[in-house]
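Going down the list, the sequences are from chains A and B.
So the number in the numbering used here is just where the residue sits in the first sequence, counting from 1, plus 64.
So the number in the numbering used here is just where the residue sits in the second sequence, counting from 1, plus 64.
Glycine included, C-beta positions come from ideal geometry on N, C-alpha and C.
From a predicted model like this one, the values you see are computed outputs, not experimental measurements.
Number of protein chains: 2
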Amino acid sequence: MLHGGSVPHLTPEATLAPVLSALESVLGSARPAALHQPHFAGREWAYVKDCLDTGWVSSVGAYVTRLESALQDYTGIAQAVAVVNGTAALHVCCLLAGVTAGDEVLLPTLTFVATANAVSYCGAIPHLVDVSPVTLGVDAAKLSAYLAEIAELRGDTCYNRRSGRPLRALIVMHAFGHPAELDALAEVCKRYRIALIEDAAEALGSLYHGRHVGHWGLLSAVSFNGNKIVTTGGGGAVLTNDAALAQRARHLTTTAKQAHPWAFIHDQVAYNYRLPNLNAALGCAQLEQLPDFVSRKRELAQRYRQAFSHVELGRILMEPQDTRSNYWLNLLQLHPAYDLLRDTLLEACQARGILVRPAWELMHRLPMYRDCPRMDMTTAEHVERQLICLPSSVDAGSVDADSIDRASPHA
Amino acid sequence: MLHGGSVPHLTPEATLAPVLSALESVLGSARPAALHQPHFAGREWAYVKDCLDTGWVSSVGAYVTRLESALQDYTGIAQAVAVVNGTAALHVCCLLAGVTAGDEVLLPTLTFVATANAVSYCGAIPHLVDVSPVTLGVDAAKLSAYLAEIAELRGDTCYNRRSGRPLRALIVMHAFGHPAELDALAEVCKRYRIALIEDAAEALGSLYHGRHVGHWGLLSAVSFNGNKIVTTGGGGAVLTNDAALAQRARHLTTTAKQAHPWAFIHDQVAYNYRLPNLNAALGCAQLEQLPDFVSRKRELAQRYRQAFSHVELGRILMEPQDTRSNYWLNLLQLHPAYDLLRDTLLEACQARGILVRPAWELMHRLPMYRDCPRMDMTTAEHVERQLICLPSSVDAGSVDADSIDRASPHA
Chain A
65 MLHGGSVPHL TPEATLAPVL SALESVLGSA RPAALHQPHF AGREWAYVKD
115 CLDTGWVSSV GAYVTRLESA LQDYTGIAQA VAVVNGTAAL HVCCLLAGVT
165 AGDEVLLPTL TFVATANAVS YCGAIPHLVD VSPVTLGVDA AKLSAYLAEI
215 AELRGDTCYN RRSGRPLRAL IVMHAFGHPA ELDALAEVCK RYRIALIEDA
265 AEALGSLYHG RHVGHWGLLS AVSFNGNKIV TTGGGGAVLT NDAALAQRAR
315 HLTTTAKQAH PWAFIHDQVA YNYRLPNLNA ALGCAQLEQL PDFVSRKREL
365 AQRYRQAFSH VELGRILMEP QDTRSNYWLN LLQLHPAYDL LRDTLLEACQ
415 ARGILVRPAW ELMHRLPMYR DCPRMDMTTA EHVERQLICL PSSVDAGSVD
465 ADSIDRASPH A
Chain B
65 MLHGGSVPHL TPEATLAPVL SALESVLGSA RPAALHQPHF AGREWAYVKD
115 CLDTGWVSSV GAYVTRLESA LQDYTGIAQA VAVVNGTAAL HVCCLLAGVT
165 AGDEVLLPTL TFVATANAVS YCGAIPHLVD VSPVTLGVDA AKLSAYLAEI
215 AELRGDTCYN RRSGRPLRAL IVMHAFGHPA ELDALAEVCK RYRIALIEDA
265 AEALGSLYHG RHVGHWGLLS AVSFNGNKIV TTGGGGAVLT NDAALAQRAR
315 HLTTTAKQAH PWAFIHDQVA YNYRLPNLNA ALGCAQLEQL PDFVSRKREL
365 AQRYRQAFSH VELGRILMEP QDTRSNYWLN LLQLHPAYDL LRDTLLEACQ
415 ARGILVRPAW ELMHRLPMYR DCPRMDMTTA EHVERQLICL PSSVDAGSVD
465 ADSIDRASPH A
């Protein structure tokens, strides 16, 4: 996967120069070049203004329903339930997948912390697994071999033989927009009676074998945070093909209030997680532009690939076979011989107003998840040192980005 | 407190007629008359459009800081931390007050379910207490007598002698905007080393002994839900005079991410609870109008009081002595002799497009809180049957309400 190459023999400055030059050729001269900033070029103001004019700004309103319909149409997934953010969506996915206190939930060590936090909110324990060097998502073969060693089916429940706790679910995260190996992962989950949840927070617009991600999970989560391909300010959604689960998601995110013309009867401990109509209005305008945004981000990925084709230091990570990535964040993967230069490169770019960043700190290195059960993490530990996220806004390097005079939000 | 009066001897229709007539005299002819709808008459457009124009819509942005400053200035409370909604604010208050799994938290049975849910999110157990017939908030004298019976101090921790669990905090809720007996309640908490939290979700603009509510709690929560006196679509804030607690609130609501130019190091299980800038922009415009909104809502309360002064069926509940209520929702309190007519009256009003509602179902009657520890609930059980919330929008019954052609959100 990594190209061969000679060991570094130049000064760091000379070694980094081709990278900086490649970045500049893609990004043009506008600085700062944000990591990912929103792009509002459609009916955002019209819809938001309509909310203000009608007074419908809160969690009941037509834009919420419309956003859900648009998500259903776009993804082909039968049911969408809009919520306040991707973290809330993941939490609801876990709850509806039956995750309860004392369970273990498998999830990749290479992810944003919300994936693990959502499990913690249920009182359950993240059980961390390694990732594939190709997809950067959960490694299906390695997971399968690991489960053969530690898992045990008793009736319809899978247990971790070592801890004695149920292995209730697997959360697969589509890292940086690249789809994980869904077929193989779904097969493993089926074999072990483990619920599959897709954390598609970064992957709206990404296809696996021609179908939108989110179809393989019992439940899936997407995010509309300000740094995502489309944004509602803050927001997210639960996706599922199961109408009964969607109904329960609606109930659970609206304080479990029973329908009644006036009475306030709530029938379980539940949440205030519905997306406000104001944010949904913004989302409706953004979703209308999603096909265009995906095209533009895929073109940007090609421009990066081209620009880095002769850079010895590393290569641009391209989408896995038989997938269409939304290329939420483009990744420069440093050659192992150069990975010690990562922080120097991060500093050099930031100093030039090119707002790159590394991958997330691995979950098994964070203080609150350090003692969680986990497998060998060789691949994640290698890959994490090599990754640099590159500026990837829809309008990165384009004329309209240059022409906007503004500081860079969501860096 | 309740005026005397003869027992009912007329038909329900004849008995209800004066109530309907009083309501109509206050509300004018516009229908539906919403229970509480937002009023956008300030710079809402300008600020929200500014967010879109600059691209700053998410959880980092100038309007969030500005909203927090405006809240600090208005309430006189040193620190405000804006969050996604009032429920999240209450959850953070509980966490920072030290509430952990297995603790008990005292809270009134007459409240919106979020007060109890926030405790459940911490793995703690609501311990339900009765309310005062004057304030509709926690009855300080009754609580004091109850704690003398069940509570025991061991070192600096108060225990429930019956369950053996720590009584970690008391959440006082300012029901419908009317301040609870804060001095007496704070004294009880001090005596028993119980942390005081104010649930001021409904009470922005309400004063107790001349100071804004929220000053008495170690931490307090306000809400900007669509049905509140000011709205951000969905939103809320944690208020505290303790700078260290505010700092922890900021950390806890931003996934506990440590400050760093690029690294993603999170140091505890935490939340994605910060308010998006888009919603904060709306809130800034709304807060500018809050003094006016409070005046108008207080005038509306006087109009209700006047209109109902000769109605035998019940009376308008007025603010407790030495307080200034924001009169979030005006309340008709039925005379005990007439409380069986409550549902008939609710139906008659709704049928006429006057969107009244009862108080919340009492927490100790909800299935998930039925078995919680609790005291005798005589007052709450009496009062709950007698209360009807009346339409209380800022512009209720005014000409501009009549002139707006719209359905009624947030009913």
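Along the region 323-339 of chain A, going in chain order, the ones with a CB nearer than 9 Å to a CB of chain B are Pro325, Trp326, Ala327, Phe328, Ile329, His330, Asp331, Gln332, Val333, Ala334, Tyr335, Asn336, Tyr337, Arg338, Leu339. Segment contact: the region 159-177 of chain B against the region 342-350 of chain B, fewer than three CB-CB distances shorter than 8 Å; contact not assigned. In this structure B:Arg226 is not in contact with B:Glu168, their Cβ atoms being roughly 10 Å apart against a cut-off of 8 Å. Contact between the region 118-128 of chain A and the region 274-292 of chain A is not established, with fewer than three Cβ pairs separated by less than 8 Å. At a cut-off of 7 Å between beta-carbon atoms, B:Leu395 makes no contact with chain A. By the Cβ test, the region 351-362 of chain B is in contact with the region 97-112 of chain B, since at least three Cβ pairs between them sit closer than 8 Å.
A:Leu342 belongs to the set of residues whose beta carbon lies under 7 Å from a beta carbon in chain B. Around the beta carbon of B:Glu77, fewer than 16 other beta carbons lie within 10 angstroms, which makes this residue exposed. Per DSSP, the unbroken alpha helix (DSSP H) holding A:Asn181 starts and ends at 178-185. Interface annotation, A:Thr319: in contact with chain B, CB-CB separation under 7 Å.
For A:Ser184, at least one C-beta of chain B is nearer than 7 Å to its own C-beta.
Here the alpha carbons of B:Thr151 and B:Val236 stand approximately 14 Å from one another. Distance from the CA of B:Leu283 to the CA of B:Glu383, rounded to the nearest whole angstrom, comes to 23 Å. In terms of CA proximity to B:Asn291, A:Ser122 leads the group A:Ser85, A:Val112, A:Leu426, A:Ser122. Contact with chain B is found for A:Leu410, since one of that chain's Cβ atoms lies less than 7 Å from the residue's Cβ. Assignment of beta-bridge partners to A:Asp263 by DSSP yields A:Met237, A:Ala285. At least one CB atom of chain A sits nearer than 7 Å to the CB of B:Phe104.
Along the region 406-431 of chain A, going in chain order, the ones with a CB nearer than 7 Å to a CB of chain B are Leu410, Gln414, Arg421, Pro422, Trp424, Glu425, Leu430, Pro431.
For B:Val177, the nearest CB of chain A lies under 7 Å from its own CB, placing it at the interface with that chain. Between the alpha carbons of A:Ala323 and B:Asp194 lies a gap of roughly 27 Å. Counting of Cβ neighbours within 10 angstroms places B:Gly219 among the exposed residues, the total staying below 16.
Short of 7 Å from the beta carbon of B:Val112, and not among the five residues preceding or following it, lie these beta carbons of its own chain, in chain order: Leu342, Ala345, Leu346. Taking C-alpha positions only, A:His330 is separated from B:Leu80 by approximately 29 Å. Taking C-alpha positions only, B:Ala301 is separated from B:Ala97 by approximately 29 Å. Secondary structure of B:His191 (DSSP, three-state): strand. For B:Glu77, the enclosing alpha helix (DSSP H) stretches over residues 76-91.
Cβ atoms of A:Trp424 and A:Glu266 stay farther apart than 8 Å, at about 11 Å. Here B:His276 carries a strand assignment [DSSP, helix/strand/coil].
For B:Trp109, the chain A residues whose C-beta falls within less than 8 Å of its own C-beta are Lys113, Leu116, listed in chain order.
Neighbourhood of A:Leu346 in chain B, by CB distance below 9 Å: Leu116, Val121, Leu342, in chain order. Remark: C-beta atoms of B:Val458 and B:Ala310 do not approach each other more closely than 7 Å. For B:Glu376, the secondary structure class from DSSP, reduced to helix, strand or coil, is coil.
For the 7 Å CB-CB criterion, B:Gly281 and B:Ile261 form a contact.
The C-alpha of A:Phe328 is placed about 7 Å away from the C-alpha of A:Lys321. At least one C-beta of chain A is nearer than 7 Å to the C-beta of B:Gly298.
Residues are counted here when their Cβ sits less than 9 Å from a Cβ of chain A; for the region 185-209 of chain B these are Tyr185, Gly187, given in chain order.
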